[in-house]
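In the working numbering, the protein residues as written are 3 to 322. Virtual Cβ for every residue (Gly too), placed ideally from N, Cα, C.
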Amino acid sequence: MYNQTTKGNTKGWKEPTLPIPTSLCLHSSHRLQMESQYIDGISQELTQIFMPIDVGTAATMRNFCTFLASSLSIAIFLLLIPGDFCVEIIGGNQVSPHSRPYMVLLKGEKICAGALIAKDWVLTAAHCVLTRKSQVILGAHSISKTESEKQIMYVKKEFPYPCFDQYTHEGDLKLLQLNKKAKINKNVSILPLPKTGVDVKPGTVCRVAGWGRIHNNSPKSDTLREVNITVINRRICNDEKHYDYNPVIGLNMICAGSPKGGKDSCNGDSGSPLICEGIVRGITAFGLPGKCGDPRGPGIYTLLSWKYLSWIIKTMKGLV
3 MYNQTTKGNT
13 KGWKEPTLPI
23 PTSLCLHSSH
33 RLQMESQYID
43 GISQELTQIF
53 MPIDVGTAAT
63 MRNFCTFLAS
73 SLSIAIFLLL
83 IPGDFCVEII
93 GGNQVSPHSR
103 PYMVLLKGEK
113 ICAGALIAKD
123 WVLTAAHCVL
133 TRKSQVILGA
143 HSISKTESEK
153 QIMYVKKEFP
163 YPCFDQYTHE
173 GDLKLLQLNK
183 KAKINKNVSI
193 LPLPKTGVDV
203 KPGTVCRVAG
213 WGRIHNNSPK
223 SDTLREVNIT
233 VINRRICNDE
243 KHYDYNPVIG
253 LNMICAGSPK
263 GGKDSCNGDS
273 GSPLICEGIV
283 RGITAFGLPG
293 KCGDPRGPGI
303 YTLLSWKYLS
313 WIIKTMKGLV
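Written as C-alpha cells, this is what we have:
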C-alpha cells in the first residue's frame, strides 16, 4: 500500500560523538517554520551533524510528542493536506527470483513491503496497517505461488515511530518485532542499517523494489519488481509544478523519480527500502494519488536520518 498522498546486523557501529537529542518530535508550528526556512534557502544543509549511531550504549529516551498546532493557520494547513496520497513499481523490471533476500512481503489489510534488519526485526512504513493475522513473509518472490524459500512469520509487536504524522507524513516508519527469528540463508538475509544518517544528494541513482502495481489501474504485481530512480532536489519537489508544499517535502524525506516520469514506486510498495549506492537510505512512503510515475509527483521516501536511526536502534534494544 503506497500511502498516496499517500505512496541487523549490528557489527561495525561506533560510539556517537554527539548526544542524542532530547526531543524527537517538534511542535507542528516549529516544524513547519523550519521547513519554510529550508525552502526559502535560510537554513543550512544538515549533513555535517549526522553522526554514527551506537547500538551498544544504553540510554534512556526521555522524549514526548506534541501534535497540537499552536495557531489557526497551522490547523488550516493540516486540513488542506489531502489524505489519499499513492505506492507500486512503475517502469521497472522483474528481479531474478530471491535475488533481493532482505525484502519482506507484508500481507495485511493491503500489501506492503519491508526490510529484514535483524533476525526478528522488520523495518517498514508506519501507515501500513497490519492485524494479528497478517503474514510476514521472508524469502518471497511470488505472492501467490508456493515457494520453498519462503519463511512465514507473524508480528509479535508493532513499534510505529511515536511522532508519525499522517497529515504531514513526517516519521512514516515502523518496526515489527517478529514472533520468531528468521533462518538466515542465501534466500533470506539481513539488510544492514546505515552507519550514518547523511542526506542523499540530488542526482544520486537509487533503487526500490516491491510487489505494487506496474500501472496506475493495474492489479498488484505477483512477483517482485525493481526500478532505478533518481533523487530530486527538495526545492524542485516543493515548487508549484510538483507538490507545491502540499505536503511539505521536508528534510527528513527523500524525493526521487524520473524528470520525464514513468519510473516510480506505487500502491503496494509502501515500506520498501530505498537503496542508494548499496546502502539503505529511505523507506517508501507516499506519492500523488492515482498518478504513480507522473513527473509532477515523484515518489517520497522517509530518509533514515540520524534521529530515526537512533530511535530504531534504541527500540530494538528495548530502550524505548
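- Cα atoms of N248 and N187: separation of roughly 43 Å, rounded to the nearest angstrom.
- Taking the Cα of K159 as reference, the smallest distance to any Cα among E149, I145, L180 and R102 is reached at L180.
- With respect to the 7 Å criterion, G284 and T304 are classified as neighbours on the basis of their beta carbons.
- A straight-line Cα-Cα distance of about 5 Å links T206 and V233.
- At least 7 Å separates the beta-carbon of D167 from that of H129.
- By the C-beta density criterion, T133 is exposed, having fewer than 16 other C-beta atoms within 10 angstroms.
- In the structure shown, T133 adopts coil according to DSSP, grouped into three states.
- By the Cβ rule, the segment 133-149 does not count as touching the segment 195-206, because fewer than three pairs are nearer than 8 Å.
- Boundaries of the alpha helix (DSSP H) around T317: W308 to M318.
- By alpha-carbon distance to H100, the top candidate from G292, L177 and L226 is L226.
- Take the alpha-carbon of E151 and the one of W313: they are about 31 Å apart.
- Excluding its 5 nearest sequence neighbours in each direction, G299 has C-beta neighbours in its own chain below 6 Å: G289, L290 and K293, listed in chain order.
- In the same chain as S307, and ignoring 5 residues on each side of it, the C-beta atoms closer than 6 Å to its own belong to G199 and N254, in chain order.
- CA-CA distance, E242 to M318, rounds to 40 Å.
- In summary, D271 is buried, with 16 or more beta-carbon neighbours lying within 10 Å of its beta-carbon over all protein chains present.
- The bridge partners DSSP lists for N95 are E228.
- R209 has N230 and I277 as its beta-bridge partners, per DSSP.
- Less than 7 Å divides the Cβ of L193 from the Cβ of Y104.
- Distance from the Cα of Y169 is smallest, within the candidate group F161, Q96 and V250, for V250.
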